[in-house]
Every structure is written in structure tokens, then in C-alpha cells.
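Down below is the structure, laid out as C-alpha cells.
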Amino acid sequence: MQPSAGRDFIVGLFVLVGLAAIAYLSFSVGGLSLNSSGGLTLYAAFDQIGGLKPRAPVVIAGVKVGQVKSIELDKNFRARARLDLDRHLEVPTDTTASIMTSGLLGDQYVSLQLGGETAYLKSGEDIEFTESAVILERLIGQFIHSTNVQKSE
Amino acid sequence: MATLVHSLGWSVLRFIDHLGKITVFAGRIGRAVLTPPPRVGPFIQELYNLGVLSLVIICVCGLAVGMVLGLQGYNTLVRFGATNSLGAVVGLSLIRELGPVLTALLATGRAGSATAAEIGTMVATEQLDGLRMMSVNPIHLVVTPKALAMIAVMPLLSALFIVCGMAGGYFVGVSLMGVDSGAYVSSLEHAVDFRDDVVGSLLKAVVFGVLVGLIATYRGYTCKPTSAGVSAATTSTVVVGSVTILIFDYFITALWGV
Amino acid sequence: MTVAAGTDAHVVFDDVYMAFEDREVLRGLSCAFPRGKISVILGGSGSGKTTVLRLIGGLIRPHRGRIRVADRDISGLSETQLYTVREKIGMMFQGGALLDSLTVFDNLAFPLREHTTLKAAEVADEVHRVLAAVGLSNVDALLPGQLSGGMIKRAALARAILMKPEILLCDEPFSGLDPISVKRIEALLHGINRRQGITMLVSSHHIPSTMRMADHVVLLWNQRVVSGSPTALRDSADANVAEFFNEEVDASLALAETAQPHARPRQISAPLPR
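Chains as they are written, first to last, in the numbering used here: chain A, 390 to 542; chain B, 10 to 267; chain C, 2 to 275.
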């Protein structure tokens, strides 16, 4: 086992390939971003967030543009979610934020419906218009109630 | 009956004794790391022995495991109409558990046993005594590069295992079973989080590297200087190493888990 | 038993006890090895010859007693302190103990590269000088596995004398060699001792070379020790001692041998090597 230039080169190659694999898993698959500071941060307050969790995606027209960083109760006892979005996003002031469910029983996420105003929200501001999550039990309860009403008519 | 209790007690005492000895041993390795001169040549040689020479077995097994995951995952998800999540299933299984654990087990069998046998043979042929008589610390020259190389190599091998596995799962899921490739990739990327999954996976790999590196070098260093002794050191490295990896896997998962 | 008056002792054993897991090897050994002379440690297998050398090298510690090397008590020293003592000691192991992953050249160059700041050309000169001194040539690029038994011993000897030690320990340098090779090694050892005045401690059970080579003999058997000049021991009145030197096989030889049992509390496991 003599040290040789060929062996050193192969070892170097091995280390590079291994690090490349780690980088692929971290950035491409794991979603690590190096410019996480300086993004656009907006807030949205909901009456009911349902099953929305931190790290849930924020989506415009089906495309992921950011994620939910944290959710807290504000002083009006509404759930205020902090949304970390891409730096270059331009969000008009009359945008609506709704909580949707992916698939029928899937995870919940935030969908932004962009408005038409020419003024854009700045980092740290609140989205004014929000739609709360649909709770399945409430929906079923409403349905049962309306059929009962129908029956009694 | 009394002899059974006697040998059981003796085994417990021996286990605790070994635990203490391996801690002292680890301390000596730590001190050797901080002592100059740095043994770069032997370290690179060990990176080759433990890392490069394990590449084939790691990549082949990774590919195979990924393909099996793709198949099994598809067969289960298709019952719920959720085959679009196959990417997430394969990726998360590999990254969180199968990647680090299987890589460590394979590395214990290949690299760990080779290390134990090599050091054990050096003990049996008095080469380590020869080093001592030349005023060279055998832990500094022989043991430390091997142990450090094992720690460095484990996360690299684990990542390669995972990538090969994901490729295998993609091949089976998308090319063979007809899952939509866009859905596969996007479910994978949505499900995997860097901090919880990838960092945890690399952390496990590093910890396993420390464990295997320590156990293999310790067993080789303390083996009886006979050929039976070397053989015992090699087999016990694989057995003890494998059990330790699986036990630590539980604790790391529990402590790091979301 | 002490050396003849007028010579000073380089290495002194003082009431040394040594036992391994199951048997005693040395019981109350006291002897001295004269400076600048060739001392042969004689004895049958398992009599403790190699143990004596390993004790002097500090590779094992005695359970009781003191060992003095150049008037310094080494029995209580730490491993780091032993490294300084070993700078003056060279050891030629029975199997050579060359690093089997390095070539012969790298094996010999190893101590020079570790402990001196000689440049590459100077290292090469030293290595070739000492290889020539032991009569080896064209072996630079060979691995130890490619050498014959005699060549391995000579390479090991070369490595041991490379750093110009004061004391040379040779563990069974003649074992496994044909008679010609035995004579070669004997001549080498003899020559080195005469030219450089190195104190040599050789463990052996080869009588003829002992008679030719040794200035002082320490005979170990059955945990007893007898020492003196080779002729004194050969002509000893003690029948057991004379028997050792008598090369004829006698029907009255007691062929049975028992290992001395030894009651020590059973250790949980062997101690961690240093």
C-alpha cells in the first residue's frame, strides 16, 4: 500500500462525489436555501386554520412560492400565520389568502389569490383578506342541518 | 443454576469493564488527534481503504434497496389511490432510516472487519511493539487515522446510498410502474425537509461512523496475539458493531425526531 | 548473581516477579547485564527469555521488583517517559516486526523520518549504509513478505542499530534459520559489538553460538537463574546446568514438564495495552 498520486486522486474524487450527493440531498431535495434572509415576509390572520402547520407550502396558482414559518394567536384570538415568501414576489394589497386542502384528506396549505391593485405589500405587512379553513365536521353538520330543514318543510 | 447466575454476573461485569476500557481508548484517540504531527498520508490511505473500496457494495445495495422500496411502496399506495406520493415514501424511508442504518451495517461488515483484522494482525506480529520500541505511539500512527477515516467516510457513503436508492425507486416507480415523474419528484421535494430529515440523516451517519470506528479499532488493538484472537476480534466487531448501531438508531431517532 | 567485579552493569534486575494469566514466568529474578558486552539469556521454551527482553523494553511491567536501565528505574515510568528511555534501546524482534505495508527502504527510513530532521538524500545514505553493514543489497523496493527468513532478521537488525542505540535487545535472532545463516547473524552481532561497543542482550536456546559469542550468560529455567561466563556454566558442578550445555541426548533426561500453576485473582479482562 504505497502512497501514490493515482490513489490520492481517486480519494479526492470520492470525497467530491460524496459531498455532491450531500449537497443534492440538502438543496435540491431538502429545500435548503442559502439566501433565506432577505425574503418577503407577510402575515395573515385567520379565524380558523384547521390543520395548517408550520412548513406548510404557500402557493400561487398551484406553484410553491414560500412556506408558513410560524403560527401564533394574536390579541384578537385569531390565528396569525407568518408567511416566508420568495424575495422577488410582488403581492398586491388586495390579495386574498385562503387555506386549502390538497386532495380530499391531504395536508393543508395556504393559497394566495392575487388582487388587481397596483400597490404592493411590503415585508412585514398583513394580508387583509383571508378565508379560513373548511372544517369537514362543520360541513357535515351544515349538510345534516339543511337536510333536516328540507325534511321538515 | 448457581453457575448460570455466576456466568451472567460475570458477563455483566465484563461488559461494564469493556465499556470503561473503550472510553479510555477513545480518550487516547482524542488526545492523539490533538498531538502533532498530523498523519495525513495514512489518513488518506484509510479514506481509500474504507471509502473507495466500499463504493461498489454501497451503490449496488442502495440501488437494490431503492428498487424494492419503489415496488413495495407502489403495491401498498395503489390500494389508497395515492401512488403520486411514491417519491415521498421512497425518499423519506431512505433519508431518515435506511440510508444511514444500512450503510453503517454494510460498512461494519466490510470496512469494520477489515480494520479490526488489520490492527489485530499487527498486534499478533509484534509490529505495534516494534513501533513502541521506536518511540512511536501506535495509537497515533495506526489507530487514529483509521478511526477518523471511518467517521469521515460514513456520511459520504450514506449520501451515496440514498441517492442510488432514490434513483432505483424512480426507475421502478416511474419507468416500470407508470407513476407520473413530475408527481414523483414533487412529492419527494415537498416531503423532505433539510433540518428534520437530511441533517438528522447525516447526524446518524456521523454517530454510526464514530461507533464503528471505535469498536473496530478497539477490538483489533486489544485482541489476543494469535490467529484465533484476530478472528475473534473480526467477528465480534461485526456483531457488536451491528447491535450497537441498531440500538443507537432508536435513541437518535427518538431524540432528534420531529 | 552479579557480574564480575570491575565491570559496571548496564541493566539490572532486582527481585522481579512476572506472571501471565495462568502461570508464573519469573520468580524473584535478580541478575545484571554488563555494559558493552554480549550477554546471552539462555533457557528452554517458556522459560521467560522473551519476557526478560520485553520487561527491559518496557513493553510489559513486572508485578514486583525493579528493573534499572543505565541506573534509571524503569518499572514505574509512564509510557511517555519510556519513549525517552527507548531512544537508547534498539530491539530486534523474533519475527522481525517490520511494518508489512512498507517497503524495506521505508521500514528502515521510518525511525529517521520520525525522529530526525535529515533530508531525503541523507536518509537514503544512512539506510544504505546500514543495509550494507548487515550485508543486504537490492532489497529497497521489496516488501517484508517477499524476503526470506534470514533477510528479514538482517533487515530487523539493520533497523535496530540505525539510530545508534546503547543497548541492543535481540529476541531469538537464530530461530528458524539454517546453520549458515546462523553463523552470518552471529558474525554480524559480534562485529557490531566489537566495533561500536553496544551492550547486547540476546535471548537464545542455541548452545554453539552462545559458547562462541557470549561474554556473559544468564540461564533461566524452572524460575531459577544461574549466571556467569559461558565456560563457567558449562563446567558447572550443578548437574542440571551442565545438562543444558551437554549436547548428547541422555535416556535419563526427565522428559516431563509441568507449567507452574498460579493462583491470582481472575481479572475481568486483559488490561488495555498502552
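Note that CB positions come from ideal geometry on N, CA and C, so glycine has one too.
- According to the DSSP assignment, Cys232 (chain B) belongs to no beta strand (DSSP E), since it is labelled neither H nor E.
- Within 9 Å of the CB of Gly58 (chain C), the CB atoms of chain B belong to Asp138, Arg141 and Met142, in sequence order along the chain.
- Beta-bridge partners of Val457 (chain A) (DSSP): A:Leu472.
- Around Gly209 (chain B), no beta-carbon contact reaches into chain A at under 7 Å, the shortest distance being about 11 Å.
- With respect to the C-alpha of Pro63 (chain C), the residue from C:Ser76, C:Ala71 and C:Asp72 having the closest C-alpha is C:Ser76.
- By the criterion of a C-beta distance shorter than 7 Å, Thr44 (chain B) is surrounded in its chain by His149, once the five residues flanking it on both sides are discounted.
- At a cut-off of 8 Å between C-beta atoms, Arg396 (chain A) counts as an interface residue with respect to chain B.
- About 13 Å separates the CB atoms of Leu143 (chain C) and Arg155 (chain C); that is not less than 8 Å, and the two are not in contact.
- Within the segment 435 to 450 of chain A, Arg444 and Pro446 place their CB atoms closer than 8 Å to a CB of chain B, listed in sequence order.
- Taking the Cα positions, Gly29 (chain C) is about 9 Å away from Met19 (chain C).
- Residue contact with chain A for Glu106 (chain B): absent (no Cβ-Cβ distance below 8 Å to any residue of chain A).
- About 7 Å separates the beta carbons of Pro274 (chain C) and Tyr230 (chain B), which is inside the 8 Å limit, making them a contact pair.
- Fewer than three beta-carbon pairs drawn from the segment 100 to 111 of chain C and the segment 42 to 55 of chain C are found closer than 8 Å, and the two stretches are therefore not classed as touching.
- Counting the other Cβ atoms within 10 Å of the Cβ of Val12 (chain C) gives 16 or more, which makes it buried.
- Contact of His149 (chain B) with chain C is not assigned, every C-beta pair being separated by 8 Å or more.
- Take the alpha-carbon of Arg105 (chain B) and the one of Lys30 (chain B): they are about 32 Å apart.
- In chain order, Val201, Asp202, Phe203, Asp206 and Val207 make up the part of chain B whose C-beta sits under 7 Å from the C-beta of Gly419 (chain A).
- Closer than 8 Å to the CB of Leu501 (chain A) there is not a single CB belonging to chain B.
- In chain order, Leu101, Ile104 and Arg105 place their CB closer than 7 Å to the CB of Asp206 (chain B), counting only its own chain and leaving out the 5 sequence neighbours on each side.
- Between the segment 71 to 89 of chain B and the segment 46 to 63 of chain B there are fewer than three C-beta pairs closer than 8 Å, too few to call the two in contact.
- The beta carbons of Leu234 (chain C) and Leu220 (chain C) sit about 6 Å from each other, so the pair counts as a contact at 8 Å.
- For the set B:Val152, B:Gly60, B:Ser196 and B:Ile66, the Cα lying nearest the Cα of Arg48 (chain B) is the one of B:Val152.
- Residue pairing from DSSP places Trp222 (chain C) in a beta bridge opposite C:Arg225.
- Of the other Cβ atoms in all chains shown, 16 or more fall within 10 Å of the Cβ of Gln497 (chain A); this residue is therefore buried.
- Going by DSSP, Glu25 (chain C) is part of the beta strand (DSSP E) stretching over Glu25 to Pro35.
- The C-beta separation of Val98 (chain B) from Leu80 (chain B) comes to about 11 Å, leaving the pair out of contact by the 8 Å criterion.
- Contact check between the segment 157 to 174 of chain C and the segment 189 to 205 of chain C: three or more CB pairs, one atom from each, fall below 8 Å, which counts as touching.
- Using a Cβ distance threshold of 8 Å, Ile516 (chain A) and Ala486 (chain A) count as a contacting pair.
- Contact annotation: Val499 (chain A) and Ala468 (chain A) have beta-carbon atoms that are not nearer than 8 Å.
- Taking 8 Å as the threshold, the shortest C-beta distance from Arg88 (chain B) to chain C does not fall below it.
- Residue burial is scored here from C-beta neighbours: Gln456 (chain A) has at least 16 other C-beta atoms within 10 angstroms and is therefore classed as buried.
- With respect to the C-alpha of Ile67 (chain B), the residue from B:Thr92, B:Ala168 and B:Asp258 having the closest C-alpha is B:Ala168.
- Of the candidates B:Tyr57, B:His199 and B:Gly118, B:Tyr57 places its Cα closest to the Cα of Phe398 (chain A).
- Taking a Cβ-Cβ threshold of 8 Å, the residues of chain C close to His27 (chain B) are Ser270, in chain order.
- Identification of chain A residues near Glu198 (chain B) by a Cβ-Cβ cut-off of 7 Å yields Val418 and Gly420, ordered along the chain.
- In this model, Pro234 (chain B) and Tyr413 (chain A) are separated by some 46 Å (Cα to Cα).
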